[in-house]
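Chains as they are written, first to last, in my numbering: chain A, 1 to 260; chain B, 1001 to 1260.
Protein chains: 2
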Amino acid sequence: MEKSNERPLILVTNDDGITAGGIRSLIEVAKEFGDVWVVAPDSPQSAMGHAITVHNILRLHEVKDVEGVNEFSCTGTPVDCVKLAIYRVLKRRPDLLLSGINHGANNSINVLYSGTMSAAVEGAVEGIPSIGFSLLDHSAAADFTASKKIARAVIKNALANGIPEDTCLNVNIPNVPYEEIKGVRVCRQAKAFWEDSFQPRKDPAGRIYYWITGNLVNHDSGEDTDVWALENNFVSVVPVQYDLTAHRALKELNDWKYEI
Amino acid sequence: MEKSNERPLILVTNDDGITAGGIRSLIEVAKEFGDVWVVAPDSPQSAMGHAITVHNILRLHEVKDVEGVNEFSCTGTPVDCVKLAIYRVLKRRPDLLLSGINHGANNSINVLYSGTMSAAVEGAVEGIPSIGFSLLDHSAAADFTASKKIARAVIKNALANGIPEDTCLNVNIPNVPYEEIKGVRVCRQAKAFWEDSFQPRKDPAGRIYYWITGNLVNHDSGEDTDVWALENNFVSVVPVQYDLTAHRALKELNDWKYEI
Chain A
1 MEKSNERPLI LVTNDDGITA GGIRSLIEVA KEFGDVWVVA PDSPQSAMGH
51 AITVHNILRL HEVKDVEGVN EFSCTGTPVD CVKLAIYRVL KRRPDLLLSG
101 INHGANNSIN VLYSGTMSAA VEGAVEGIPS IGFSLLDHSA AADFTASKKI
151 ARAVIKNALA NGIPEDTCLN VNIPNVPYEE IKGVRVCRQA KAFWEDSFQP
201 RKDPAGRIYY WITGNLVNHD SGEDTDVWAL ENNFVSVVPV QYDLTAHRAL
251 KELNDWKYEI
Chain B
1001 MEKSNERPLI LVTNDDGITA GGIRSLIEVA KEFGDVWVVA PDSPQSAMGH
1051 AITVHNILRL HEVKDVEGVN EFSCTGTPVD CVKLAIYRVL KRRPDLLLSG
1101 INHGANNSIN VLYSGTMSAA VEGAVEGIPS IGFSLLDHSA AADFTASKKI
1151 ARAVIKNALA NGIPEDTCLN VNIPNVPYEE IKGVRVCRQA KAFWEDSFQP
1201 RKDPAGRIYY WITGNLVNHD SGEDTDVWAL ENNFVSVVPV QYDLTAHRAL
1251 KELNDWKYEI
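Okay, structure coming up:
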């Protein structure tokens, strides 16, 4: 923090859109810890990954919802929101970035597709302590009572300890009542992939179009993974880095013969 | 490959769109090595990151361009294209996925925003040897003569040696004539970020909108990075992984006290 007598400046965003129940819950918790500014998408932006808007314009609208909170909706992606917040909206760099609470799981390989987590990763790239929260309940009416308690505990630790350099946290919360949550597990991302299928349908003119659907296939039996933790009613906390270099592979590739 | 007497099945995609000069050049090179299938966006999809289309429909159109090549354009993102190819279009899993050649750099932190590289990462998640190629020239009329030679050399190695498990390759090519390219460097991703700015403009009704612009700020002086290699006229090859876990941070986070 720039001034020790200032309350932490907390930026809140998400990918389900600024009116979603998950971000409303997260704003409530964030208010306990600092001055809250919200820059979030004006419409659902799930599965937008780390997309930014370069081929189109962006609009930003100030909205008034919660007393004492500054809120802006944006026509762009979650990462656009983070960039607009840092470089256009906020008067100083935030001390903490919170993304979510997502309606639905962002564990395992979903970290790649998730707008919620990409916003947190963008925060990490910018050197801002950043946390993404997700509840394993897709429904719009999901109950965030337990999630708020979990978020409070994680935020308290993050403000006290900081977050490991060049990482952000991916926090997933099992969809069970608070009393049934067994604790918090620090995990690695489980190795899984989406077995997709494309449902063909016909439009009124008889032309075929597709909807993507899929099943997450987990082929990782490790008990140190986020999938395992969540299946066993633990909260999973995965430190996520933006350096994608596979350092272990450097040597092997150095042995290649490039005849150029 | 499923049958040893078959030519490799090569899937080609990109993010600049199916008509871009870069993918046309890559298709020419790919044809030398195997049976080529193209599933690529029907419009520019730069900076779409790992986005997939879940809130809208997808359309797929067979197009005829190059003799002996099966081509489909898709209304979705580069990652949508890879998923449609694997789960809808191709009769068997491809032996190689090639993405690009991108018009513009995808080194350093750009790997996160790049549709070209996200397509390659998606291939890696699916267990398919995958390579993204990018030329450091944004222009639509970029000259891919040198890039084609580089792509040929990398593909030859990839087919002979395979690609390290759970990784894909991020190949960036300096924008200089072939004779000035000094060789190939296997690198790590340089630590950099985009210092963004948002240009405000007014629409005809007087309402403000923004265009994102920015400067890449490299604060990594390492000579083992892709930025260094490219600045010194080397081709950079970075192995990219989809496990985003910051394993080094697990211990520190295990020391946190979660009072839940």
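Beta carbons: idealized from backbone N, C-alpha and C, even for Gly.
Chain B contacts from the stretch 25-58 of chain A (Cβ-Cβ distance under 8 angstroms): P44, S46, A47, M48, G49, H50, A51, I52, T53, V54, H55, I57, L58: these are the residues of the stretch 25-58 of chain A whose beta carbon lies less than 8 angstroms from some beta carbon of chain B, given in chain order.
Endpoints, beta strand (DSSP E) assigned at B:K1149: Not the beta strand (DSSP E): B:K1149 falls in the alpha helix (DSSP H), residues 1145-1161.
Own chain, CB closer than 7 angstroms to A:T167, minus 5 neighbours either side, in chain order: A124, P239, V240, Q241
Contact check, A:Y113 vs B:I1057, beta carbons under 9 angstroms: no
Member of A:G214, A:F234, A:R207 whose CA lies at the smallest distance from the CA of A:F198: A:G214
Chain B contact for A:E195 (CB, 9 angstroms cutoff): A:E195 counts as touching chain B.
DSSP beta-bridge partners of A:R188: A:T225
Span separating the alpha-carbon of B:N1070 from that of B:N1106: So the alpha carbons of these two residues sit roughly 27 angstroms apart.
A:S134, buried or exposed, once every other Cβ within 10 Å from all chains shown has been counted against 16: buried
Enclosing beta strand (DSSP E) for B:Y1210 [first to last residue]: 1208-1218
Residue of B:R1024, B:P1044, B:V1079, B:V1082 minimising C-alpha distance to B:V1262: Because chain B spans 1001 through 1260 in this model, residue 1262 of chain B falls outside it and cannot be assessed.
Element boundaries [beta strand (DSSP E), containing A:G115]: No beta strand (DSSP E) holds A:G115; the alpha helix (DSSP H) holding it covers 115-125.
Neighbour flag for B:N1228 against chain A, beta carbons, 9 angstroms: The amino acid at residue 1228 of chain B is misidentified as Asn; the sequence shows Trp. Taking Cβ atoms only, chain A never reaches closer than 9 angstroms to B:W1228, which makes this a no.
Test item: CB-CB of B:N1172 and B:S1099 under 9 angstroms: no
Meets three-Cβ-pair contact criterion under 8 angstroms: the stretch 180-187 of chain A and the stretch 1047-1055 of chain B: no
Sequence ranges, alpha helix (DSSP H) only - wholly within the stretch 1052-1114 of chain B, length at least 4: 1078-1084, 1110-1113
Spatial distance of A:V12 from A:N157 (CA atoms): 17 angstroms
Cutoff 9 angstroms: B:I1208 Cβ touching any chain A Cβ: yes
Where B:C1231 sits in the DSSP three-state scheme: Rather than Cys, the amino acid found at residue 1231 of chain B in this sequence is Glu. B:E1231 falls in the helix class under three-state DSSP.
Enclosing beta strand (DSSP E) for B:S1130 [first to last residue]: 1130-1135
Cβ of B:G1022 within 9 angstroms of any chain A Cβ: Taking 9 angstroms as the threshold, the shortest C-beta distance from B:G1022 to chain A does not fall below it.
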